[in-house]
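In UniProt numbering, the protein residues as written are 1 to 497. Okay, so here's the structure we're looking at.
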Ligand code: HEC
Ligand code: HEC
């Protein structure tokens, strides 16, 4: 606990810590190329390649998020292809005739990774029109209750628990179960339209969601249950985000820009090492590595065991004894886990190597005007444009690349409008991790029904911006005060990412 608390408050240490992978000369070089630009008259050098040498230049179509890093070795590509198959594969419940694919459940949210991460892009929410709702699975629900015992408080403080799970339903609502076992329930959403007047006589309509759980399969949920809906994010560029040096992230956390914006790291538990690590992934930066989040997905979303999370019963809780009576899919012939370590490695290689597409129209006058507005509105305080990845990154294809993800990977208080009251690790109920913006202009090319923000409530990029509050209130207000042409330029810039 002392360690976590000390790390969390050690702004001073963060400030003084320097990158240990570079000599003095390279540190200066990196500082020069990553300094914010002041010249908006033309595109910057290498700006068309957001993922450096890994950027994909393939034809833009619905498959544009599904290509491997362009600089991946031949061997890496072979592994990527196998991983791709596993990401797409539909798992089935045990026992089945296709023994190598069984073990799904007992409780689960989807049969495959791709069912939520549509074509490696973001998932689809059930829909805004009550008459046209789909049973989209990509919006999943975290479940938490307030801590009530000293043991709870100890586990939270030590980082062993990110939050206290609902005692019967666990930390996530599974809306499917294998035959013979009740599902945990389903999500109902109502949206309330809220009009926002913009300078220049325009109006935007935000959709304010209200969430409810229907048909609970294991009795009523606790009265004080808190629910946090999360939409499956896009999968591109994740290995490069893993290769951003912690010193670069912590430098942004320590920086005082005098604008009321102060990002915070989420220190979380690394299951492999048992150590505290910097959270980078998920909407609340709750996971330190792509591998760990992928193993969590196998366990919580699909009920499949991996070496990192070896229970065959996924998210069954002690209060759901029937769940533990169901057959599982581990077979002595194939090892002790439903997803053996070797397969897990293929999935990880795949998940860290989905390439970011090259930028379009970087020299277009409207795009450049929008880029200038993006800097002037101070979006860059959180959506930090550039980094050079570590020279000693684990995988060669991620080493020493100039990348443009537009995120600081830190938590920010985004205000009441986006808050859901569920804290996760050190992230409070109103804090969210700045999401990367690379590839965001191709969101609908990949998934025509995709929407934005942590729960997919924003139907347009403008709506996503207008939901910004808290530390981002001033940036949002600047967008409201822009002329219609300026707002269009800002959006045009985002669409070029
Ligand atoms: C039921 C839907 C669902 C399924 C199935 C699913 N995911 Fe996800 N995935 C999500 C959601 C939702 C998040 C964000 C979770 C959060 O913010 O807490 C996420 C986040 C991730 C992230 C972090 C991405 C980022 O930008 O931070 C990775 C990596 C990931 N999933 C990999 C996988 C893999 C690999 C599989 C299959 C083994 C998988 N997912 C299956 C819904 C799903
Ligand atoms: C204080 C930090 C901060 C500032 C300033 C900020 N953002 Fe964000 N931005 C965030 C966070 C955090 C989220 C995720 C919020 C959520 O999902 O609830 C986000 C989400 C977004 C999204 C949606 C991303 C997605 O994947 O769904 C867009 C687009 C965006 N911001 C654009 C902008 C623009 C344009 C500006 C400047 C006008 C801006 N942001 C200023 C922190 C910030």
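Just so it is clear, CB atoms sit at the ideal spot from N, CA and C, and this is done for glycine as well.
Length of the line joining the Cα atoms of residue i and residue j
i, j, result
"residue 356", "residue 61", "13 Å"
"residue 263", "residue 345", "32 Å"
"residue 101", "residue 485", "53 Å"
"residue 492", "residue 377", "15 Å"
"residue 403", "residue 335", "39 Å"
"residue 489", "residue 370", "4 Å"
"residue 304", "residue 226", "26 Å"
"residue 498", "residue 405", "Limits of the chain in this structure are 1 at one end and 497 at the other, which puts residue 498 out of reach."
"residue 55", "residue 205", "36 Å"
"residue 65", "residue 134", "24 Å"
"residue 22", "residue 388", "11 Å"
"residue 341", "residue 308", "9 Å"
"residue 186", "residue 213", "6 Å"
"residue 367", "residue 159", "44 Å"
"residue 41", "residue 29", "23 Å"
"residue 423", "residue 136", "25 Å"
"residue 363", "residue 43", "5 Å"
"residue 326", "residue 96", "13 Å"
"residue 152", "residue 224", "15 Å"
"residue 414", "residue 216", "31 Å"
"residue 236", "residue 375", "24 Å"
"residue 480", "residue 443", "24 Å"
Same chain, Cβ closer than 6 Å to residue i, neighbours up to 5 away in sequence not counted
i, result
"residue 419", "429, 430"
"residue 295", "306, 308, 309"
"residue 392", "21"
"residue 176", "108, 183"
8 Å Cβ shell around residue i - same chain, five flanking residues per side excluded
i, result
"residue 319", "167, 168, 218"
"residue 179", "93"
Contact under 9 Å by Cβ, residue i with residue j
i, j, result
"residue 232", "residue 142", "no"
"residue 69", "residue 397", "yes"
"residue 476", "residue 469", "yes"
"residue 252", "residue 497", "no"
"residue 353", "residue 239", "yes"
"residue 271", "residue 279", "no"
"residue 471", "residue 261", "yes"
"residue 315", "residue 170", "yes"
"residue 417", "residue 467", "yes"
"residue 529", "residue 147", "Not covered by the structure: residue 529. The range shown for the chain is 1 to 497."
"residue 190", "residue 130", "yes"
"residue 106", "residue 382", "no"
"residue 144", "residue 110", "no"
"residue 140", "residue 181", "no"
Integer Cβ distance of residue i from residue j, believed to fall under 8 Å
i, j, result
"residue 208", "residue 188", "Rounded, the Cβ-Cβ distance is 15 Å, inconsistent with contact."
"residue 434", "residue 407", "5 Å"
"residue 454", "residue 432", "6 Å"
"residue 103", "residue 291", "19 Å between Cβ atoms; not a contact."
"residue 34", "residue 386", "4 Å"
"residue 36", "residue 380", "6 Å"
Same chain, Cβ closer than 7 Å to residue i, five either side skipped, listed in chain order
i, result
"residue 483", "199, 200"
"residue 447", "118, 119, 121, 122, 124"
"residue 49", "55, 358"
"residue 113", "87, 297"
"residue 80", "68, 72, 349, 350, 353"
"residue 53", "70, 71, 401"
"residue 449", "124"
"residue 465", "476, 479"
Residue i: first and last residue of the uninterrupted alpha helix (DSSP H) it sits in
i, result
"residue 485", "484 to 495"
"residue 350", "341 to 351"
"residue 169", "First-last for residue 169: undefined, no H or E at that position."
"residue 336", "Where residue 336 is concerned, there is no enclosing alpha helix (DSSP H), given that its DSSP letter is neither H nor E."
"residue 292", "290 to 296"
"residue 229", "No alpha helix (DSSP H) contains residue 229, which is instead part of the beta strand (DSSP E) from 226 to 231."
"residue 383", "Residue 383 -> no alpha helix (DSSP H), and no H or E assigned at all."
"residue 152", "150 to 158"
"residue 246", "246 to 254"
"residue 211", "That residue, residue 211, is in no alpha helix (DSSP H); its beta strand (DSSP E) goes 203 to 214."
"residue 277", "From DSSP, residue 277 is part of no alpha helix (DSSP H) but of the beta strand (DSSP E) over 276 to 278."
"residue 24", "24 to 34"
"residue 240", "238 to 242"
Start-to-end residues for the beta strand (DSSP E) that takes in residue i
i, result
"residue 305", "Segment: none, residue 305 is in no beta strand (DSSP E) and carries neither H nor E."
"residue 196", "186 to 197"
"residue 431", "431 to 433"
"residue 268", "267 to 269"
"residue 142", "139 to 145"
"residue 413", "411 to 413"
Contact test: residue i Cβ vs ligand 4 heavy atom, cutoff 8 Å
i, result
"residue 267", "Annotation note on ligand 4: not contained in the displayed structure, which lists ligand 1 and ligand 2 as its ligands."
Any chain D beta carbon closer than 9 Å to residue i
i, result
"residue 63", "Among the protein chains of the structure shown there is no chain D, as only one such chain exists."
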